[in-house]
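Novice:
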Amino acid sequence: MAGRAVGVFAISVAAEMTSLQIQNLRVYERRGLVDPDRTAGGTRLYSEDDIDRLHRIRELLTAGLNLAGIAAVLELEVENARLREQVARLRAR
Numbered sequence: 006m007a008g009r010a011v012g013v014f015a016i017s018v019a020a021e022m023t024s025l026q027i028q029n030l031r032v033y034e035r036r037g038l039v040d041p042d043r044t045a046g047g048t049r050l051y052s053e054d055d056i057d058r059l060h061r062i063r064e065l066l067t068a069g070l071n072l073a074g075i076a077a078v079l080e081l082e083v084e085n086a087r088l089r090e091q092v093a094r095l096r097a098r
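See the structure below:
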């Protein structure tokens, strides 16, 4: 679903959609937790996938994780999804 990965939401809209502060979204980007698209002028544009990731970050913050822990969890979740896809492909053979 390439459409979900295309940045369309300005930072203020993304903040409102996720109930997070704009400053926090900038911090999450600096920490590598989210990577929004940029316009030629440098404006951040968040995709639906980015919004989902921000919701997940908020959930993990609520659970008491710090940003380093969240980075580790998100990385493991991506790896887990990749491995599940690989297993599914191997089973389909």
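Heads up: the sequence shown runs through residues 6 to 98, numbered per the numbering used here. We treat Cβ as the ideally placed atom computed from N, Cα and C, and that holds for glycine. The model shown is predicted, which means the values in this text are computed figures rather than measured ones.
1. Between which two residues does the alpha helix (DSSP H) holding Ala86 run?
2. Compute the beta-carbon to beta-carbon distance between Ile56 and Ala19, rounded to the nearest angstrom, for a pair I have assumed lies under 8 Å.
3. For a test of the three-state rule: what should DSSP assign to Asp42, helix, strand or coil?
4. Does the beta-carbon distance from Pro41 to Arg49 come in below 7 Å?
5. For Arg63, which residues of its own chain have a beta-carbon under 8 Å away from its beta-carbon, when the five flanking residues on both sides are left out?
6. Select from Gly37, Gly74, Arg43, Leu65 the residue whose C-alpha is nearest the C-alpha of Val13.
7. Helix, strand or coil for Leu59? Go by DSSP, reduced to three states.
8. Count the other C-beta atoms from every protein chain shown that fall within 10 angstroms of the C-beta of Arg98, then say buried if there are 16 or more, exposed otherwise.
Specialist: In short:
1. 72–97
2. 6 Å
3. strand
4. yes
5. Thr23, Ser24, Leu25
6. Arg43
7. helix
8. exposed
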